[in-house]
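Numbered by this note's numbering, the letters in the sequence shown go through residues 6 to 429 in order.
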Amino acid sequence: MPATVVVGAQWGDEGKGKVIDILASRADVVVRSQGGNNAGHTVESGGEVYKLHLIPSGILYPETLCLIGCGTVIDPKVLLEEIDGLRARGVTCENLRIDPRAQLIMPWHITLDAMKERSLGSGKIGTTGRGIGPCYMEKAERTGLRMGDLSRPDVLEKKLRSAGEAKNEMITRLYGQPPFDLDAVLEEYTEYGRRLAPMIADVSVLAWKAVQAKQDVLFEGAQGTLLDLDVGTYPYVTSSHPIAGGVCTGTGIGPTCIEKVIGVAKAYTTRVGEGPFPTELDGEMGDLLRDRGHEFGTTTGRPRRVGWFDAVILRHAVRVNGLTGLAVNKLDTLSGLGTLRVCTAYRRSDGALLEDFPASLEELAECEPVYEDLPGFEGDLSACRSAGELPAAAKAYIERIEALCGAPIVMVGVGPARSQSLER
Ligand code: IMP
């Protein structure tokens, strides 16, 4: 396996964890390059279920180097809880390294996330409430604290007081909330720094060396293409770049290092949080799909919105990520639902047929999905162990969405276990 990127091709929660875990078992190095503990990867390994938020899935393999890059935002409290939880289950975290440039989520970012959502009322984004947006705002403002600051007490204190005082002003004056006790925050973060200092290392250098040495490097994406700050459904997006390009800036490597880009999608569509969702299903069919697919968030437990497969957003994902292959999960969930609908294009209110995903929410609001009906399939697909064993109509469904998306489907998922990922 050369240097491979795995990204979400829809709105996140596509089952990247499982695909990443399969590839991570063959990788020498696994890198996470954006987002923070807004993400949630569920990985099943050796009969155990692990829910990871920040730590790359390669952590389950003691020989695999796991890197958290400069484009991430780290809540050190959550990171340490995750490390402690893994250690308690016998997973050593000796192979984890974190870039000194990664931004630190501070307690005020979490408060500001909640306050901002509250002030938006019905126009809220539906964030995970983990302080992600405010942390990236502070980074762009160039006043953020970084992982490396944790190991320099004088720098930590100076930056923490300066950023904390400014954010306390905002929290008290704008939102009428009590200020943070900066002495207490300093004490807390000093302790985090003491524990995390041995793990801090230049991820750009480590990733580069691995690529140069022709090691197998896996870049694991979090969230999904349509949640990208630039090419997603802005403003209903996250504040980082979950697309393949984000791997370069978020790790500190160039695009020529990347050889393969795998997009992960579900055989239908889901989204959590607010924002447009052209193929969304309400009513009975939506409830059925949600229950069958156990569509509840890993990080927040929120019920996910569900809908038919949308080839327009997949073509967008193929283009903006330069996908070389697609993994399509949860085909088994569609079994027994009767006729299946696939969105092939959008019809705009002026009659125009759109093949490409519109750039603005206003234009998207003027669009209706154009559906093609495909024969459904029956039976328990979860027992299939090769793509050849799938029912004819399930094979035809995969072939049709492959043709509509314009990228080869290299893997089909029919259940959570590794043996239920059928390579094509
Ligand atoms: P934030 O990342 O917490 O700021 O949330 C912004 C938007 O991204 C919201 O709609 C969230 O529901 C969504 N989001 C963030 N992380 C994930 C994820 O890992 N899976 C799915 N949606 C996510």
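Cβ coordinates follow ideal geometry from the N, Cα and C atoms, glycine included.
Pair within 7 Å by beta-carbon distance, residue i and residue j
| i | j | result |
| --- | --- | --- |
| Arg106 | Arg147 | no |
| Ala316 | Leu409 | yes |
| Val419 | Gly226 | no |
| Val417 | Leu336 | yes |
| Glu368 | Ser354 | no |
| Ala8 | Cys262 | yes |
| Asn326 | Val269 | no |
| Trp313 | Arg276 | no |
| Gly17 | Asn334 | no |
| Gly131 | Gly278 | yes |
| Gly45 | His58 | yes |
| Asn42 | Val83 | yes |
| Asp378 | Thr344 | yes |
| Val208 | Leu386 | no |
| Ala399 | Phe382 | yes |
| Ala412 | Val323 | yes |
| Arg431 | Val375 | Nothing about residue 431 can be reported from this structure: the residues present for the chain run from 6 to 429 only. |
| Leu223 | Ala29 | yes |
| Met204 | Leu101 | yes |
| Leu319 | Ala14 | yes |
| Thr338 | Arg297 | yes |
| Asp26 | Ser62 | yes |
| Ser156 | Ala202 | yes |
| Thr69 | Thr303 | no |
| Glu49 | Ala388 | no |
| Ile79 | Leu109 | yes |
| Gly280 | Tyr241 | yes |
| Thr243 | Gln228 | yes |
Terminal residues of the alpha helix (DSSP H) in which residue i lies
| i | result |
| --- | --- |
| Arg324 | 316–326 |
| Thr261 | Note, Thr261: premise wrong, no alpha helix (DSSP H); not H, not E. |
| Ser167 | 158–174 |
| Arg405 | 397–410 |
| Met416 | Met416 -> not in any alpha helix (DSSP H); beta strand (DSSP E) instead, spanning 414–418. |
| Ala215 | 208–217 |
| Gly90 | 81–93 |
| Ile27 | 21–29 |
| Thr116 | 112–125 |
| Leu223 | Per DSSP, Leu223 belongs to no alpha helix (DSSP H); it is in the beta strand (DSSP E), 222–225. |
| Leu232 | Neither: Leu232 is in no alpha helix (DSSP H) and is coded neither H nor E. |
| Arg106 | Here Arg106 belongs to no alpha helix (DSSP H), and DSSP marks it neither H nor E. |
| Gly288 | 288–297 |
For residue i, the first and last residue of its enclosing beta strand (DSSP E)
| i | result |
| --- | --- |
| Cys98 | Per DSSP, Cys98 belongs to no beta strand (DSSP E) and is neither H nor E. |
| Asn43 | Unbroken run through Asn43: none, as it is neither H nor E. |
| Pro61 | Counting along the chain, Pro61 falls outside any beta strand (DSSP E), and DSSP gives it neither H nor E. |
| Lys56 | 53–57 |
| Tyr5 | For residue 5 there is no data in the structure shown, the boundaries of the chain being 6 and 429. |
| Asp378 | 372–379 |
| Ala350 | 345–353 |
| Glu200 | For the record, residue 200 in the displayed sequence is Arg; it is not Glu. No beta strand (DSSP E) contains Arg200, which is instead part of the alpha helix (DSSP H) from 187–201. |
| Gly312 | 310–312 |
| Gly13 | 9–13 |
| Leu427 | 426–428 |
| Gly330 | 330–334 |
| Ile73 | 70–73 |
| Arg276 | 274–276 |
Closest residue to residue i among the options (Cα-Cα distance)
| i | options | result |
| --- | --- | --- |
| Arg166 | Glu143, Val190, Pro183 | Val190 |
| Ser38 | Thr256, Arg102, Asp235, Ile414 | Thr256 |
| His321 | Met290, Asp235, Glu289 | Asp235 |
| Asp292 | Ile64, Gly74, Arg309 | Arg309 |
| Asp104 | Arg307, Leu328, Arg94, Thr77 | Thr77 |
| Thr116 | Thr303, Glu407, Tyr239, Tyr180 | Tyr180 |
| Pro247 | Arg423, Leu232, Tyr241 | Leu232 |
| Pro67 | Asp80, Ile79, Gly74, Cys98 | Cys98 |
| Pro81 | Glu49, Ile64, Thr195, Pro183 | Thr195 |
| Met111 | Pro421, Pro281, Gly237, Gly149 | Gly149 |
| Gly74 | Thr305, Phe362, Ile64, Gly251 | Gly251 |
| Gly259 | Asp186, Val210, Leu294 | Val210 |
| Lys144 | Gly393, Arg429, Ser245, Gln220 | Ser245 |
| Glu373 | Glu192, Gly153, Pro283, Asp188 | Pro283 |
| Gln182 | Asp154, Lys121, Gly126 | Lys121 |
| Glu264 | Thr230, Glu285, Lys219, Lys56 | Lys219 |
Presumed contact (8 Å Cβ cut-off) between residue i and residue j, rounded CB distance
| i | j | result |
| --- | --- | --- |
| Ser391 | Leu359 | Going by Cβ atoms, the distance from Ser391 to Leu359 rounds to 37 Å, so no, they are not a contact pair. |
| Trp113 | Ile60 | Not quite, the Cβ-Cβ distance comes to about 24 Å (not below 8 Å), so this is no contact. |
| Asn173 | Pro158 | Between Pro158 and Asn173 the Cβ distance is about 21 Å, and since that is not below 8 Å, they are no contact. |
Distance cut-off 6 Å: residue i Cβ against heavy atoms of ligand 2
| i | result |
| --- | --- |
| Leu232 | Ligand 2 is not among the ligands present in this structure, which contains only ligand 1. |
Item to check | Stretch-stretch touch, CB-based, cutoff 8 Å, three pairs: the stretch 211–226 with the stretch 17–35 | outcome: Taking a contact to require three or more Cβ pairs closer than 8 Å, the stretch 211–226 and the stretch 17–35 qualify as touching.
Checklist entry - Is it true that the stretch 153–168 meets the stretch 127–142, where meeting means three or more beta-carbon pairs spaced less than 8 Å apart? => result no
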